[in-house]
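**Student:**
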Amino acid sequence: MEGDRLEPTVTIKNIERELICPACKELFTHPLILPCQHSICHKCLKEILYFSIEDSFNDTASETSNQSSPRNRMHSPSLDRIDRVNRSASQRRSLGWRGWKRNSLTPKTTTFPCPGCRHDIDLGERGINGLFRNITLETIVERYRQAARAATAIMCDLCKPPPQESTKSCMDCSASYCNECFKIHHPWGTLKAQHEYVGPTTNFRPKVLMCPEHEMERVNMYCELCRRPVCHLCKLGGTHANHRVTTISSAYKTLKEKLSKDIDYLISKESQVKSQITELGLLMKETECNCERAKEEASNNFDRLFDVLEERRTTALRAIEASKNLRLEKLHYQIEEYQGLLENNGLVGYAQEVLKETDQSCFVQTAKQLHERIQKATESLRSFRPAAQASFEDFVIDIAKQKEALGDLCFQSSGVDIPEINEEQTKMYNKALICWDHPQKISSTDTYILEYRKLNREETSSVWQEREVITKNEVISDLDINSSYAFRVRGYKGSICSPWSREIILHTPPAPVFSFLFDDKCGYNSEHLILNARRNAVESRAGFPLLLGAERIQAGCYTSLDYIIGDTGIVKGKHFWAFHVEPYSYLVKVGVASDVKIQEWFHNSRDLTSPRYEQDSGHDSGSEDIFVESLQPFTLVTLGMKKFFIPKASPASLASKDSLNRILPMPSSIGICLDCDKGKVGFYDADRMKCLYERQVDCSHKMYPAFALMGSCGIHLEETIAAKYLQYQDEDM
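Residue numbers (the working numbering): 1 to 733.
See below:
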């Protein structure tokens, strides 16, 4: 046959690595084409599917035995799993195991990692039966094998010993014959004479491509949509009925032309490829030289550090030795003094001899000086104090900072810019969203290392925790409430890193974050308020109805407050939420209110238009102070004109009657903390988590976040609050 003509030996040798199965690392045997267009031995594929079934059973058993920690099985490529399959396949081949029989059941598991590209492959319902044989690859492998054993002839299967060298192989009989045996077993005029015969071979599989879905039909068409050969039954009523198909000959011609053009292009670029290979070889040598140079430079730098440390060690040891000698000298002198106080030795012996003097004038002359010495010795005995200390605590070296600096020792280059944490985009709630950028807006880094640590009063040097990040932001979870954290970041370009950025300190809220949206049903006035589609921002129409009727107004009047509440209520627990008020806002009231008070606001016909009705309106009313002292089912504070107004009856305002002490700059982000169990509500500068005002509130009913707008105003809930990005505990509700 034409397909069995041998190609030049050099061509066969050069394509050897293309003929190796990625699973068993041997020449392909009956290869099949996978959906990812890689090929694999038929036997290797069955072994992989067999172990996939085994793994699925093991996973099911482990999930059943441990219901408290369920696992979601992910069909992802696993190198260990592929290696295990390869080792098992090799062991079975070494033990003579031939895998499944031809008529055995096909494994039901159809998902497995491709050994070639390591992507998950799903064979569908038909499994292996839905795959095509790679007859072309099979033929090329046979050519390679024939070229490899060219020196070893294929012997005749029918000759009596000794067998002769075969000259033909019958594809129908699956046997090889010499000329004489072929004439005997395939005589002229018989059916065997019409058998298909080829040159000597050991591969007797029929080289006819059959349809996987219709096993008795040969493929004779090509589906352009699925890009695979099909038979006429597939087109008539099968899965390719509505697909565009073409004839096999047309597809053969088109694909062969494309492949020939691509091969001709590669051949024409042979010189370019050789030059690029040479360039890559030079780069490898240059890499090795630069590596040795970098290692030498690094070694020299560490030698310099060793020299500095050795010098400092020598100096420290000399200082300790000198101090030791001085102390020993003082202690030795003190020992001699005390030894003189012993009987029959030194001062005591001399004093005893002086006492023997009978001449009074001589005794007085000598005893005066001796008495002073004895008295001094007596005092030293009463208050014993060593002349020197044995401890060398003064010579203890604190190496904590140096140790940390050496731990951070790494390659640095001026080519890597220092990142800078963006405090405006950075948000801190139950989770921290840390954002950073480069001041020059030019990023030359591959990855970043973000470090953070909790700042404790008891423990000043807590351990840094790090995250490796590819993007310019990261979310840190599992942060403790009412705590301070320090953050810093550095960039890496390969093994080169930038210095650390400036540390920033952020504070978590005093309570878990409470998530809600603005309620567009309960009391919402669509004529006065504009609520966006996401229900996380509301604006006031600034009294449009009043302006439309302004020509009829002859006297001044108060405009009314338009209320809006959150869509979720709170019954118990401690919760925190945050929002920001637009700087142009005229008057905004924020706080909490019970469901009873909300019904009164929305349905009571009393005049609520006068600011005197509100406890913290800012008007000087004597009854207002008495009103605020009583425990109320609501608390609202006033914001507007970029100011935060503290209610008059608060402790801060009682300290001074100056109204200016009640006016604070409005924070860019405002937080509210409601503690239902203690009946307290606090208002915070959410950027610094600093409490601006706190008071008691009646929490006997369900409490809601409450807002009121007058004039031109705007309120936006923080994204982490409105998007329900941070979860809160249901048991606290």
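We put the CB at the ideal spot given by N, CA and C, even for glycine.
So, is residue 252 buried or exposed, given that buried needs 16 or more other C-beta atoms within 10 angstroms?
**Tutor:** So residue 252 counts as exposed.
**Student:** Can you tell which of 676, 679, 678, 684 has its C-alpha closest to the C-alpha of residue 667?
**Tutor:** Here the closest residue by C-alpha is 684.
**Student:** Would you kindly work out how many angstroms separate the C-alpha atoms of residue 691 and residue 473, rounded to a whole number?
**Tutor:** One C-alpha to the other measures close to 28 angstroms.
**Student:** Taking contact to mean 3 or more Cβ pairs, one atom from each stretch, closer than 8 angstroms, check whether the region 126-140 and the region 25-45 are in contact.
**Tutor:** Cβ pair count under 8 angstroms is three or more, so yes.
**Student:** Is it right to say residue 738 is buried, meaning 16 or more other beta carbons lie within 10 angstroms of its own, or is it exposed?
**Tutor:** The chain is shown from 1 up to 733; residue 738 falls before or after that span and cannot be answered.
**Student:** Run through DSSP, which three-state label would residue 694 get?
**Tutor:** Strand, per DSSP.
**Student:** Going by DSSP in three states, residue 284 sits in which element: helix, strand or coil?
**Tutor:** Helix.
**Student:** Using the rule of at least 16 other Cβ atoms within 10 Å of the residue's Cβ for burial, across every protein chain shown, is residue 534 buried or exposed?
**Tutor:** Flag for residue 534 reads exposed.
**Student:** Let me know the secondary structure DSSP gives residue 518 once reduced to three states.
**Tutor:** It is a strand residue.
**Student:** Go ahead and pull the three-state DSSP assignment for residue 324.
**Tutor:** Note: residue 324 maps to helix in three-state DSSP.
**Student:** On the three-state DSSP scale, how would you describe residue 47?
**Tutor:** Here residue 47 sits in helix by DSSP.
**Student:** Can the beta-carbon of residue 686 be found closer than 9 angstroms to that of residue 670?
**Tutor:** Result yes, Cβ atoms of residue 686 and residue 670 sit closer than 9 angstroms.
**Student:** Does the beta-carbon of residue 386 have 16 or more other beta-carbons within 10 angstroms, so that it is buried, or is it exposed?
**Tutor:** Flag for residue 386 reads exposed.
**Student:** Going by Cα to Cα distance, which pick from 485, 518, 490 is closest to residue 508?
**Tutor:** The option with the nearest alpha carbon to residue 508 is 485.
**Student:** Going by beta-carbon coordinates alone, are residue 217 and residue 231 separated by less than 9 angstroms?
**Tutor:** The answer is yes: Cβ separation under 9 angstroms.
**Student:** DSSP has residue 221 in a bridge; who is on the other side?
**Tutor:** According to DSSP, which records beta bridges pairwise, residue 221 is partnered with 230, 247.
**Student:** Count the other C-beta atoms from every protein chain shown that fall within 10 angstroms of the C-beta of residue 565, then say buried if there are 16 or more, exposed otherwise.
**Tutor:** Buried, because 16 or more other Cβ atoms sit within 10 Å of the Cβ of residue 565.
**Student:** If I'm right that residue 697 touches residue 635 with Cβ under 8 angstroms, what's the distance once you round it to whole angstroms?
**Tutor:** Yes, they are in contact, since the Cβ atoms of residue 697 and residue 635 sit about 5 angstroms apart, within 8 angstroms.
**Student:** Alpha carbon to alpha carbon, what distance is there between residue 378 and residue 323?
**Tutor:** Distance between the alpha carbons of residue 323 and residue 378: 29 angstroms.
**Student:** Measure from the alpha carbon of residue 23 to the alpha carbon of each residue in 455, 272, 116, then state which is nearest.
**Tutor:** For residue 23, the nearest C-alpha among the options comes from 116.
**Student:** Return the bridge partner residues of residue 40 from the DSSP annotation.
**Tutor:** Paired residue(s): 32.
**Student:** Do residue 560 and residue 710 have their CB atoms nearer than 9 angstroms?
**Tutor:** Yes. Within cutoff.
**Student:** I need the straight-line Cα distance from residue 255 to residue 421, nearest angstrom please.
**Tutor:** Going from the Cα of residue 255 to the Cα of residue 421 covers about 55 angstroms.
**Student:** Which same chain residues end up closer than 7 angstroms to residue 353 when comparing Cβ atoms and leaving out the 5 residues on each side of it in sequence?
**Tutor:** So the list is empty, once near-sequence residues are dropped.
**Student:** Which residues mark the beginning and the end of the alpha helix (DSSP H) in which residue 366 is found?
**Tutor:** Element bounds for residue 366: 360-382.
**Student:** At the level of alpha carbons, what is the spacing between residue 145 and residue 47?
**Tutor:** Looking at the two C-alpha atoms, the distance is approximately 24 angstroms.
**Student:** Would DSSP call residue 393 helix, strand or coil?
**Tutor:** Correct three-state label for residue 393: helix.
**Student:** Alpha carbon to alpha carbon, how far is residue 646 from residue 522?
**Tutor:** Each residue's Cα considered, the two are about 28 angstroms apart.
**Student:** Using only alpha-carbon positions, find the residue among 330, 418, 632, 306 that is nearest to residue 681.
**Tutor:** Comparing Cα positions, the closest option is 632.
**Student:** On a Cα-Cα basis, can you pick out the residue from 540, 517, 513 that is closest to residue 526?
**Tutor:** When only C-alpha atoms are compared, the closest one is 540.
**Student:** Select from 394, 409, 395 the residue whose C-alpha is nearest the C-alpha of residue 401.
**Tutor:** Out of 394, 409, 395, 409 has the C-alpha closest to the C-alpha of residue 401.
**Student:** Does the structure place the region 419-434 close enough to the region 494-508 that three or more beta carbon pairs sit under 8 angstroms?
**Tutor:** Because the criterion of three Cβ pairs below 8 angstroms is met, the region 494-508 and the region 419-434 touch.
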